[in-house]
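Each residue of the sequence shown is one higher than the last, beginning at 574 in the working numbering.
For each residue, glycine too, the CB sits at the ideal point set by N, CA and C.
Below is one structure; the comments refer to it alone.
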Amino acid sequence: MELFYDILKQLIRIPSVVGEEHPFFMFIKRELEELGVKVEYYDGVLIAKGSDPQSGYISAHADRHGLICTGHNEFQYAAFIAKNKADLTGDSSSEQLLHNFTARFVDEKVQAYEPWSGTYLGLGSIKDAFLCQRRKNIIFKIEGFDYLFPGTPIAFTDKLEIKDDLISAQLDNVVSIAIIIYMYAVGYKGTAFFTASEEAGRSWRFLLEWFRRFDIKTDELLVLDTSPYPTLDEIRNIDIVMRNRDSNAVFRSPLKNRIKQIAIKNKIRYDFKDSYLKAKMAKNGTISSLGTTELGRLIHATKGEIQGTTLQIPTIGYHTVHETTTKTAVESMIKVLKNLYIT
């Protein structure tokens, strides 16, 4: 796993604020081209093609949460500024968590960067964060950034922390990107998609455009991500997370049962997130969303012409720079992918 962690450590240091992913895409492109993988870049999606492109379709979103300068000494949460709001409907995990966000940001270090080149523009520190009800967004006060122009992205300063059997960072969704690059290094020959603006609910549109561009249909699209749970005890008892459905669509793919069989054979502990959420609702006597995913939106928009399933790593501390998972979970996801696509 040393190679994987080397890749992950590098990726975490490259900023990729939602809507401003270009420098991160360029870094991924270089890493893959060094491995001899063909890379194509379209609006909102980077495509990697191995020597047998139709042998697999894996996708992961490349954006991470961050801030955008929206005026003199004014900074807003990037996923919820007007230009990114196209598909937000109120039932995503991000939106539900919005009201609980503010306190966790105070004293976090952030870095500004030039959105095209990725050039470092300086370091700042968040001094206050509050929810503005009129703009339905978090407004930040940052010390040291009064010289920035509107449109400048600001990423959370981050590095990988490894302690015993746990790893922590802003893992969503850089950990999946690292896994895909690692998979190419160890023999994956299929296609991979790296999408932009998933945290703003837009990534599925970029993916759909690519499939329509080349008139490609599949029922084996595998979307990698992280999946939030409330406690460390829960994630210590789960290695991988799948879904039967989300709030938009039922996932009907032969991949789902294949992954389940691989998990059983290799004693990998799995959970179905929709079943988990339904059980939680039944226990609490409440009704809430099953969550929205990139894949669910894609299936719904294509009326099932594009189908697939999700494979996720269970985490705590979702959407923070301290998002945490177990080493076992990461190794389990890689084991499943190797069984699906290499062995």
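Excluding sequence positions up to five away, which residues of its chain have a Cβ less than 8 angstroms from the Cβ of residue 694?
Excluding sequence neighbours, residue 694 sits near 684, 685, 686, 687, 721 and 725.
Evaluate residue 855 with the Cβ neighbour count: other Cβ atoms within 10 Å of its Cβ, from every protein chain shown; 16 or more gives buried, anything less gives exposed.
Flag for residue 855 reads exposed.
By the 10 Å Cβ neighbour count, where 16 or more other Cβ atoms means buried, how is residue 899 classified, buried or exposed?
When all chains shown are included, residue 899 counts as buried.
In or out: residue 861 buried (at least 16 other Cβ within 10 Å) or exposed?
By the neighbour-count criterion, in which a residue is buried when 16 or more other Cβ atoms sit within 10 angstroms of its Cβ, residue 861 is exposed.
Note down, in chain order, each residue of its chain lying with its Cβ closer than 6 angstroms to the Cβ of residue 842, except the 5 sequence neighbours on either side.
Cβ within range, chain order: 811 and 812.
Give me the Cα-Cα distance between residue 775 and residue 839, rounded to the nearest whole angstrom.
The straight-line gap from Cα to Cα measures roughly 36 angstroms.
Reducing DSSP to helix, strand and coil, say where residue 852 ends up.
Residue state, collapsed to three classes: helix.
Tell me the DSSP secondary structure of residue 840 in three-state form.
Residue 840 carries a coil assignment under DSSP once its states are collapsed to helix, strand and coil.
Beta-bridge partners of residue 576, as assigned by DSSP:
By DSSP's assignment, residue 576 forms no beta bridge with any residue.
Tell me, which residues are paired with residue 845 by DSSP?
DSSP, once it has assigned bridges, lists 815 as partnering residue 845.
Assign residue 613 to one of three DSSP states: helix, strand, or coil.
DSSP places residue 613 in strand when its eight states are reduced to three.
Look up residue 587 in the DSSP assignment and give the residues it is bridged to.
Its beta-bridge partners do not exist; DSSP assigns none.
What alpha helix (DSSP H) runs, 4 residues minimum, are completely inside the segment 594–653?
Fully enclosed alpha helix (DSSP H) runs of 4 or longer: 595–607.
Just mark residue 653 as buried or exposed, buried being the case when its beta carbon has 16 or more other beta carbons within 10 Å.
Looking at its Cβ environment, which holds 16 or more other Cβ atoms inside 10 Å, residue 653 is buried.
Pairs of beta-carbons, one from the segment 607–619 and one from the segment 706–717, closer than 8 angstroms: are there three or more?
At 8 angstroms Cβ cutoff, the stretches do not touch.
Would you mind sorting residue 806 into buried or exposed? The rule is 16 or more other CB atoms within 10 Å of its CB.
It counts as exposed.
Could you tell me the distance, in whole angstroms, from the CA atom of residue 704 to the CA atom of residue 648?
C-alpha separation (whole angstroms): 12 angstroms.
For residue 632 and residue 794, what's the separation of their Cα atoms in angstroms?
Roughly 7 angstroms between the two C-alpha positions.
Take the Cβ of residue 777 as the centre, count every other Cβ of all protein chains shown within 10 Å, and call the residue buried at 16 or more, exposed below.
Around the Cβ of residue 777, a 10 Å sphere holds 16 or more other Cβ atoms; the residue is buried.
Beta-carbon spacing of residue 589, residue 635 below 8 angstroms
Result yes, Cβ atoms of residue 589 and residue 635 sit closer than 8 angstroms.
Taking residue 871 as the reference, which of 784, 835 and 816 has the closest Cα?
Considering only alpha carbons, the answer is 784.
For residue 766, write down the residues that DSSP places opposite it in a beta bridge.
Its beta-bridge partners are 620 and 632.
Which residue comes first and which comes last in the beta strand (DSSP E) that contains residue 796?
First-last of the beta strand (DSSP E) with residue 796: 791–801.
What does the alpha-carbon distance come out to for the pair residue 882 and residue 820?
Distance from the CA atom of residue 882 to the CA atom of residue 820, rounded to whole angstroms, is 14 angstroms.
Per-residue burial, residue 700 [other beta carbons within 10 Å of its own, 16 or more giving buried]:
With fewer than 16 Cβ atoms within 10 Å of its Cβ, residue 700 is classed as exposed.
Should residue 818 go down as buried or exposed, given a rule of 16 or more other Cβ atoms within 10 Å for buried?
Per the 10 Å Cβ criterion, buried.
Extent of the continuous beta strand (DSSP E) to which residue 690 belongs:
From DSSP, residue 690 is part of no beta strand (DSSP E); its letter is neither H nor E.
Residue span of the alpha helix (DSSP H) that contains residue 746, given as start and end:
Element bounds for residue 746: 744–758.
Beta-carbon within less than 6 angstroms of residue 702's beta-carbon, same chain only, minus the 5 sequence neighbours each way: which residues are those?
The answer, listed in chain order, is 675, 678, 711 and 713.
Between the alpha carbons of residue 832 and residue 875, how many angstroms are there, rounded?
Cα to Cα, residue 832 sits roughly 24 angstroms from residue 875.
What whole-angstrom Cβ distance do residue 748 and residue 903 have, given they're in contact under 8 angstroms?
Yes, they are in contact, since the Cβ atoms of residue 748 and residue 903 sit about 7 angstroms apart, within 8 angstroms.
Residue 644 to residue 595 span [Cα, whole Å]
Spanning the alpha carbons of residue 644 and residue 595 requires a straight line of approximately 22 angstroms.
May I ask which residues mark the beginning and end of the alpha helix (DSSP H) holding residue 710?
Taken as a continuous stretch (DSSP letters only), residue 710 belongs to no alpha helix (DSSP H), being part of the beta strand (DSSP E) at 710–716.
Range of the contiguous beta strand (DSSP E) that encloses residue 917
The question about residue 917 has no answer, for the chain in this structure spans 574 to 916.
Which residues DSSP lists as bridging residue 887, in chain order
DSSP lists 800 as partners of residue 887.
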